[in-house]
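Asker:
Number of protein chains: 2
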Amino acid sequence: MQLDERKLKILQAVIRNYLETGEPVGSRTISKYTDLNLSSATIRNEMADLEELGYILQPHTSAGRIPSDKGYRLYVDELMQKEREVEEMKGMLLEKEEKMDQLLKQVAKVLAVNTNYATMISAPSYQGNKLKFIQLSRVDVNQILAVVVVEGNIIKNNILNLEAPLDDETILKLNILLNTHLSGLTLEEINLGMIAQLKQQAGIHSKIVSDVMDAVAEAIREEEDLQIYTSGANNIFKYPELSNGEKASEIISTFEEKQLLTSLVQDTLEKGQEKGIQVYIGAETPVQSMKDCSVVTATYELEEGMKGTIGIIGPKRMDYEKVVGTLQNLMKQLDSIYKKT
Amino acid sequence: MQLDERKLKILQAVIRNYLETGEPVGSRTISKYTDLNLSSATIRNEMADLEELGYILQPHTSAGRIPSDKGYRLYVDELMQKEREVEEMKGMLLEKEEKMDQLLKQVAKVLAVNTNYATMISAPSYQGNKLKFIQLSRVDVNQILAVVVVEGNIIKNNILNLEAPLDDETILKLNILLNTHLSGLTLEEINLGMIAQLKQQAGIHSKIVSDVMDAVAEAIREEEDLQIYTSGANNIFKYPELSNGEKASEIISTFEEKQLLTSLVQDTLEKGQEKGIQVYIGAETPVQSMKDCSVVTATYELEEGMKGTIGIIGPKRMDYEKVVGTLQNLMKQLDSIYKKT
DNA sequence: TGTTAGCACTCACTTTGATAGAGTGCTAAT
DNA sequence: ATTAGCACTCTATCAAAGTGAGTGCTAACA
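Going line by line, the protein sequences match chains A and B. Everything in the first sequence is counted per my numbering, starting at 1 for the first residue and increasing by one. Everything in the second sequence is counted per my numbering, starting at 1001 for the first residue and increasing by one.
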């Protein structure tokens, strides 16, 4: 059996209708809804075929049909109206915030309010970015503050506790030593060999050097478990199919334990290279707890190499067109704010 | 009408029973539950009195009684078994973490897992703490990094964008100037007069000084909208009286918008001076969205002046004794970890 | 005078059965 | 190939009836 033009149209009609109402849709509805001028009986025959092909399914006998994951997939890939007019985002006063985290929180929030879905955004990770500057300074008799600045002005601090006090002159020397050898290198390039070499040059202060290197390593490590901000988790209560205790609880805890969303970010960054916007339907998602949702993600890039992920999480019957449109809008805005200036 | 011994015992029995079951409790149950050896009829009479006094109420005629807020209040203040053996906290591997936020997250989580309630913890705020150290360093031709270290080793960074480049020598001078004048002062003591004075001494660099002062101000301001960590928000789904869409949504969004919990922290810090542990029942809570919950809070102090708030949020019928006990346990642990070392 | 047994009453909850309505699948006619 | 028509299925809704927990009141009792 093949998917001919007419079947596609019917499938499209079923999905459209279901997206709107959230109720199973029957043959009579379709018969009027489309411009095919077919009787409900004919539609029924076609729908039986579509069901056999796996694009739609019946919650129970004598109910209408709802789209299956496969059906949604086809819809998103082929049938969806690609360029729909998307209304302006309300309250979208995206300003170049002083602080990155302010901006991210704002984006997540505005997106959640405008879409009525739950949203997340990961802070850009700076893979491949270069070390700009290291500074040690004494803050106490046996405490040293190590400040590590990476390109993109990401700053990491670490307080080092010394066993023996260090005089100012030595600290100065160490500063020079570290900066001459390390700045300009990417975090990946700073490896064990280099550290050994530095330790040697530092002579008796090798302990300090190794501590500082640990601090740098720490800075890298921290970058790895990346910051994720979320908003609008409570929006899931707007969709009855997600708000029963079991499911809601699962989703909510994922939003609280934001680290569980890491795999989503990872996956998006990997796959997102060619397409830009990624749609995960139901079980396709890399985050187990969202198997009853759909997730739409996009990769954004603020400056060269500073990539992060935005995600919108909603019911499978989310308004994919609007969500994709809104995300594209958002990308444009981010671009115009960050690339122009 | 007065609350005699017997009425108290009956009230206590009602509450105990309701805490366990979550179901309205009837006279016959009490008649057997207590060692009063009274018939259900007598209990009924007493319960009618208790209802008239406002300590219990009936969800509907011919249902048993449930405690009112006033009833809970009395229970918590007077009837509660103050020293109950509280089981050890599982997984309570509280270690002195390198990073404050790690510790706080850990505390919140362990507490949530052990109590089956939602938890929050606010990062200690450092009111009255002294400025330890300020350091300016150039990271780029027209960018300066300002690092502000406050007692307790709280570090704040700020990147300052300069209009005109500064040479190294000037930066050095500014460093000395700032440190000699500001270090040792509390953040509150650094006021406008002082800034004006510094600006004058800085001569042509007054712009920089004022920028730096802004950075310091920023550091203070940031401290003000305090960090709050939460855990176990999904625990509320374990209590049917809270898991209907309406209420759950309200609570969840409060946990997501953590700033909404600030008033709770504030209130606890104010009231917590004398008592240590604070119990808010229903409408007593300073956070509107938790009017159907009870909240138990405690003030902790890691080092002198570093005070924060821990909160446990659950249904009104929470196990107050266990929660209070667990919190006290926790305080002891925090103490032993942070004060001894 | 406080306590209790007994009883009528109330109200939520559950079960049952009947009904309506939406939707299907199949068949025969077009 | 399409469609009208019909029997069938299943859910949702409603009312009626029964059940059980619990109450309030009264009269008897110690």
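Just so it is clear, CB atoms sit at the ideal spot from N, CA and C, and this is done for glycine as well. Bear in mind the structure is a predicted one, so any value in this text is a computation, not a measurement.
(1) Which value, in whole angstroms, describes the spacing of the CA atoms of B/Arg1084 and B/Gly1325?
(2) Using 8 angstroms as the Cβ pair cut-off and three pairs as the minimum, do the region 296 to 309 of chain A and the region 262 to 269 of chain A touch?
(3) If you run the structure through DSSP and keep just helix, strand and coil, what is B/Met1358?
(4) Would the region 1102 to 1122 of chain B and the region 1311 to 1318 of chain B be scored as touching if the rule is three or more Cβ pairs under 8 angstroms?
(5) One question on the structure: do A/Asn255 and B/Ala1248 come within less than 8 angstroms of each other, judged by their Cβ atoms?
(6) Return the CA-CA distance between B/Lys1291 and A/Pro24, expressed in angstroms with no decimal places.
(7) Put A/Ala298 into one of helix, strand or coil per three-state DSSP.
(8) For A/Ile190, report the span of its beta strand (DSSP E) as first-last.
(9) Could you tell me how far apart the beta carbons of B/Leu1330 and B/Val1295 are, in whole angstroms, since I believe they sit closer than 8 angstroms?
(10) How would you call A/Gln278, buried or exposed, if buried means at least 16 neighbouring beta carbons within 10 angstroms?
(11) What are the residues that DSSP puts in a beta bridge with B/Thr1230?
(12) Taking 8 angstroms as the threshold (beta carbon to beta carbon), is A/Ser289 in contact with chain B?
(13) Looking at B/Gln1143 and B/Leu1162, is the spacing between their C-beta atoms short of 8 angstroms?
(14) Using a Cβ cut-off of 7 angstroms, pull out every chain B residue sitting near A/Ala233, in sequence order please.
(15) For B/Gly1184, which option in B/Val1212, B/Glu1151, B/Leu1327 has the closest C-alpha, if you only look at C-alpha atoms?
(16) Give me, in chain order, the residues of the same chain whose beta-carbon lies closer than 6 angstroms to that of B/Tyr1229; leave out the 5 immediate sequence neighbours on both sides.
(17) Where A/Lys15 and B/Asn1244 are concerned, what is the direct C-alpha to C-alpha distance, given to the nearest angstrom?
(18) Using a Cβ-Cβ distance under 8 angstroms, would A/Gly22 count as near chain B?
(19) What number of angstroms, rounded off, separates the C-alpha of A/Asp167 from the C-alpha of B/Met1100?
(20) Any beta carbon of chain A sitting closer than 8 angstroms to that of B/Ile1066?
(21) Indicate whether B/Lys1226 and B/Ser1125 have their beta-carbon atoms separated by less than 8 angstroms.
(22) Taking the straight line between their C-alpha atoms, what separation do you get for B/Ser1253 and B/Leu1174?
(23) With the cut-off set at 8 angstroms, would you say A/Thr34 and A/Lys70 are in Cβ contact?
(24) Does any CB atom of chain A fall closer than 8 angstroms to the CB of B/Leu1145?
(25) Report the partner residues of B/Gln1143 according to the DSSP bridge assignment.
(26) Give me, in chain order, the residues of the same chain whose beta-carbon lies closer than 6 angstroms to that of B/Leu1111; leave out the 5 immediate sequence neighbours on both sides.
(27) State yes or no: is the C-beta of A/Lys132 within less than 8 angstroms of the C-beta of B/Val1141?
(28) For chain B, is any of its Cβ atoms less than 8 angstroms away from the one on A/Ser125?
(29) In or out: A/Lys32 buried (at least 16 other Cβ within 10 Å) or exposed?
(30) So what's B/Gln1102 in DSSP terms, helix, strand or just coil?
(31) List, in chain order, every chain A residue whose beta-carbon is nearer than 8 angstroms to that of B/Lys1132.
(32) Determine, for B/Ser1249, whether the minimum Cβ-Cβ distance to residues of chain A falls below 8 angstroms.
(33) So, with DSSP's three-state summary, where would you put B/Val1086?
(34) In terms of alpha-carbon separation, which member of B/Asn1157, B/Glu1257, B/Met1318, B/Gly1276 lies closest to B/Met1213?
(35) Is the beta carbon of B/Leu1334 sitting closer than 8 angstroms to the one on B/Tyr1280?
Answerer: According to the structure data:
(1) Stepping through the second sequence from its first residue, residue 1084 of chain B is reached at position 84. Stepping through the second sequence from its first residue, residue 1325 of chain B is reached at position 325. In a straight line, the C-alpha of B/Arg1084 is about 7 angstroms away from that of B/Gly1325.
(2) With the cut-off at 8 angstroms, the region 296 to 309 of chain A and the region 262 to 269 of chain A touch.
(3) The displayed coordinates of chain B run from 1001 to 1341. Any statement about residue 1358 of chain B would go beyond what the structure contains.
(4) Because the criterion of three Cβ pairs below 8 angstroms is met, the region 1102 to 1122 of chain B and the region 1311 to 1318 of chain B touch.
(5) One-based indexing of the first sequence puts residue 255 of chain A at position 255. One-based indexing of the second sequence puts residue 1248 of chain B at position 248. Asn is not the amino acid found at residue 255 of chain A; the sequence shown has Phe there. No.
(6) Start at 1 with the first residue of the second sequence, and residue 1291 of chain B comes out as number 291. Start at 1 with the first residue of the first sequence, and residue 24 of chain A comes out as number 24. Straight-line spacing of the CA atoms in B/Lys1291 and A/Pro24 works out to 38 angstroms.
(7) Within the first sequence, residue 298 of chain A is the residue found at index 298, counting from 1. Per DSSP, reduced to three states, the secondary structure at A/Ala298 is strand.
(8) Sequence index remark: in the first sequence, residue 190 of chain A carries index 190 (1-based). In the DSSP assignment, A/Ile190 falls outside any beta strand (DSSP E) and carries neither an H nor an E.
(9) Residue 1330 of chain B sits at position 330 when you count from the first residue of the second sequence. Residue 1295 of chain B sits at position 295 when you count from the first residue of the second sequence. Wrong, their Cβ atoms sit about 16 angstroms apart, outside the cutoff.
(10) Indexing the first sequence from 1 puts residue 278 of chain A at position 278. Burial call: buried.
(11) By 1-based counting over the second sequence, the position of residue 1230 of chain B is 230. Its beta-bridge partners are B/Met1120.
(12) Locating residue 289 of chain A in the first sequence gives position 289, counting from the first residue. Not closer than 8 angstroms to any Cβ of chain B, the Cβ of A/Ser289 fails to qualify, so no.
(13) Residue 1162 of chain B sits at position 162 when you count from the first residue of the second sequence. Residue 1143 of chain B sits at position 143 when you count from the first residue of the second sequence. For B/Leu1162 and B/Gln1143, yes; Cβs fall inside 8 angstroms.
(14) In the first sequence, the residue the question calls residue 233 of chain A occupies position 233. At a beta-carbon threshold of 7 angstroms, the residues of chain B lying near A/Ala233 are Ile1252, Glu1256, ordered along the chain.
(15) Counting from 1 along the second sequence, the entry for residue 1184 of chain B is found at position 184. Considering only alpha carbons, the answer is B/Glu1151.
(16) Start at 1 with the first residue of the second sequence, and residue 1229 of chain B comes out as number 229. When the five nearest sequence neighbours on each side are left out, the beta carbons in the same chain lying within less than 6 angstroms of the beta carbon of B/Tyr1229 are those of Leu1104, Lys1105, Ala1108, Ile1121, in order along the chain.
(17) Here residue 15 of chain A is taken as the residue at index 15 of the first sequence, counted from 1. Here residue 1244 of chain B is taken as the residue at index 244 of the second sequence, counted from 1. The identity of residue 15 of chain A in the sequence shown is Ile, whereas the question assumes Lys. About 29 angstroms.
(18) The sequence position of residue 22 of chain A within the first sequence is 22, counting from 1. So, not an interface residue.
(19) One-based indexing of the first sequence puts residue 167 of chain A at position 167. One-based indexing of the second sequence puts residue 1100 of chain B at position 100. Just so you know, the alpha carbons of A/Asp167 and B/Met1100 end up roughly 28 angstroms apart.
(20) Translated into positions along the second sequence, residue 1066 of chain B becomes position 66. Output row for B/Ile1066: interface = no.
(21) Within the second sequence, the letter at position 226 stands for residue 1226 of chain B. Within the second sequence, the letter at position 125 stands for residue 1125 of chain B. Rather than Lys, the amino acid found at residue 1226 of chain B in this sequence is Leu. Result yes, Cβ atoms of B/Leu1226 and B/Ser1125 sit closer than 8 angstroms.
(22) Looking up residue 1253 of chain B in the second sequence gives position 253. Looking up residue 1174 of chain B in the second sequence gives position 174. When the Cα atoms are used, B/Ser1253 and B/Leu1174 turn out to be separated by approximately 46 angstroms.
(23) Numbered from its first residue, the first sequence carries residue 34 of chain A at position 34. Numbered from its first residue, the first sequence carries residue 70 of chain A at position 70. For A/Thr34 and A/Lys70, no; Cβs fall outside 8 angstroms.
(24) Looking up residue 1145 of chain B in the second sequence gives position 145. B/Leu1145 counts as touching chain A.
(25) Here residue 1143 of chain B is taken as the residue at index 143 of the second sequence, counted from 1. B/Gln1143 is bridged to B/Asp1140, B/Asn1161.
(26) Taking the second sequence and counting its residues from 1, one reaches residue 1111 of chain B at position 111. Thr1119.
(27) Here residue 132 of chain A refers to the residue found at position 132 when the first sequence is read from its first residue. Here residue 1141 of chain B refers to the residue found at position 141 when the second sequence is read from its first residue. By the CB criterion at 8 angstroms, A/Lys132 and B/Val1141 fall outside the cutoff.
(28) Here residue 125 of chain A corresponds to residue number 125 of the first sequence, with the count starting at 1. By the rule that beta-carbons nearer than 8 angstroms mark a contact, A/Ser125 does not touch chain B.
(29) If you number the first sequence from 1, residue 32 of chain A lands on position 32. Burial state of A/Lys32 is exposed, judged by a 10 Å Cβ sphere holding fewer than 16 other Cβ atoms.
(30) Here residue 1102 of chain B refers to the residue found at position 102 of the second sequence. If DSSP states are grouped into helix, strand and coil, B/Gln1102 belongs with the helices.
(31) Translated into positions along the second sequence, residue 1132 of chain B becomes position 132. Val139, Asp140, listed in chain order.
(32) Residue mapping note: residue 1249 of chain B aligns to position 249 of the second sequence, counting from 1. Yes, because at least one Cβ of chain A sits closer than 8 angstroms to the Cβ of B/Ser1249.
(33) The residue given as residue 1086 of chain B occupies position 86 in the second sequence. DSSP, read as helix, strand or coil, puts B/Val1086 in coil.
(34) As a position in the second sequence, residue 1213 of chain B is number 213, starting the count at 1. With distances taken between Cα atoms, B/Met1213 lies closest to B/Asn1157.
(35) Counted from its first residue, the second sequence places residue 1334 of chain B at position 334. Counted from its first residue, the second sequence places residue 1280 of chain B at position 280. No, Cβ-Cβ distance for B/Leu1334 and B/Tyr1280 is not below 8 angstroms.
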